[in-house]
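Chemist: Please see the structure below; I have some questions.
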Amino acid sequence: MPKLRRSFLILLFLTLAIAGFTGGPADEVPFWPTPLAVVDQMLEMAEVKSGDVVYDLGSGDGRIVIRAAEKYGARGIGVEMDSWLVEEARQKAKQEGVEELVEFRVGDAAEADLRGATVVTLYMLPWFNDAMKDKLRADLKPGARIVSHDYGIAGWPADRVEKSPLVEERAPGFKHEHTIYLWQVK
Numbered sequence: 588m589p590k591l592r593r594s595f596l597i598l599l600f601l602t603l604a605i606a607g608f609t610g611g612p613a614d615e616v617p618f619w620p621t622p623l624a625v626v627d628q629m630l631e632m633a634e635v636k637s638g639d640v641v642y643d644l645g646s647g648d649g650r651i652v653i654r655a656a657e658k659y660g661a662r663g664i665g666v667e668m669d670s671w672l673v674e675e676a677r678q679k680a681k682q683e684g685v686e687e688l689v690e691f692r693v694g695d696a697a698e699a700d701l702r703g704a705t706v707v708t709l710y711m712l713p714w715f716n717d718a719m720k721d722k723l724r725a726d727l728k729p730g731a732r733i734v735s736h737d738y739g740i741a742g743w744p745a746d747r748v749e750k751s752p753l754v755e756e757r758a759p760g761f762k763h764e765h766t767i768y769l770w771q772v773k
């Protein structure tokens, strides 16, 4: 099979698998969990500490705010549109003993009130990050940090960009390198 055709078939398979996994419309952001090594690097880049309030937009299974609570004693709020993932996150928070520090809300991440956040984390698609730019600038106070996994924000250069040492093989012959972007609101 020619190399280009094989690459196309792998990409098609991944696209269909993600669409089937999310069970939602094509314009939804699929749930693809961030590896814990990348979560740790995101939280370290944001210099999370116990006084922070970490909002994770599209929080999935809650791993980012749960980890921020476990490692740093930070409070966290996860906003996720899929109720089954919110329930899973709540159960994980209870298992980890951080349910008093974290909260998970069913809702549209684009509509979340971010005014209480000192750190916002994202693992969303580029169109979502770009659509959030004005809201992030309006809602967040100076000094707040935004950390995004894999995707930047168009027209808003990051203050810092790091590659993760973790490289995953997501399909035979397809390696994924993780990139983390950090902005500090001025």
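According to my numbering, the sequence shown holds residues 588 to 773 in order.
Quick reminder that beta carbons are idealized off the backbone N, C-alpha and C, glycines included.
1) For the beta strand (DSSP E) containing residue 758, name the first residue and the last one.
2) Using 8 Å as the Cβ pair cut-off and three pairs as the minimum, do the stretch 672-686 and the stretch 734-742 touch?
3) Who are the near neighbours of residue 630 in its chain, counting only those whose CB is closer than 6 Å to its CB and skipping five residues on each side?
4) For residue 688, which of helix, strand or coil comes out of DSSP?
5) Looking at the structure shown, is residue 715 part of a helix, part of a strand, or coil, going by DSSP?
6) In the DSSP assignment, the alpha helix (DSSP H) including residue 671 goes from what residue to what residue?
7) Compare the beta carbon distance of residue 769 and residue 633 with 8 Å and say whether it is the shorter of the two.
8) Run through the stretch 638-662 for me and flag every whole beta strand (DSSP E) of 3 or more residues, listed as ranges in chain order.
9) Considering residue 764, what are the terminal residues of the beta strand (DSSP E) in which it resides?
10) Considering only C-alpha positions, which residue in the set 675, 697, 701, 704 is nearest to residue 691?
11) Taking a contact to mean a Cβ-Cβ separation below 8 Å, would you say residue 703 touches residue 672 in this structure?
12) Use the C-beta contact count for residue 761: other C-beta atoms within 10 angstroms, 16 or more gives buried, fewer gives exposed.
13) To which residues does DSSP link residue 708 through a beta bridge?
14) Short of 6 Å in beta carbon distance, which residues of its chain neighbour residue 696, apart from the five on each side in sequence? Order them along the chain.
15) Roughly how many whole angstroms lie between the Cα atoms of residue 752 and residue 764?
16) Please report the Cβ distance between residue 730 and residue 678, rounded to the nearest whole angstrom; I am assuming they are in contact, meaning their Cβ atoms lie under 8 Å.
17) Within the same chain, show all residues whose beta-carbon is closer than 7 Å to that of residue 743, passing over the 5 residues directly before and after it, in chain order.
Modeler: Let's see:
1) 747-758
2) no
3) 655
4) coil
5) helix
6) 670-683
7) yes
8) 640-644
9) 761-771
10) 675
11) no
12) exposed
13) 643, 734
14) 644, 645, 666
15) 8 Å
16) With a Cβ gap of about 33 Å, residue 730 and residue 678 do not count as contacting.
17) 720, 770
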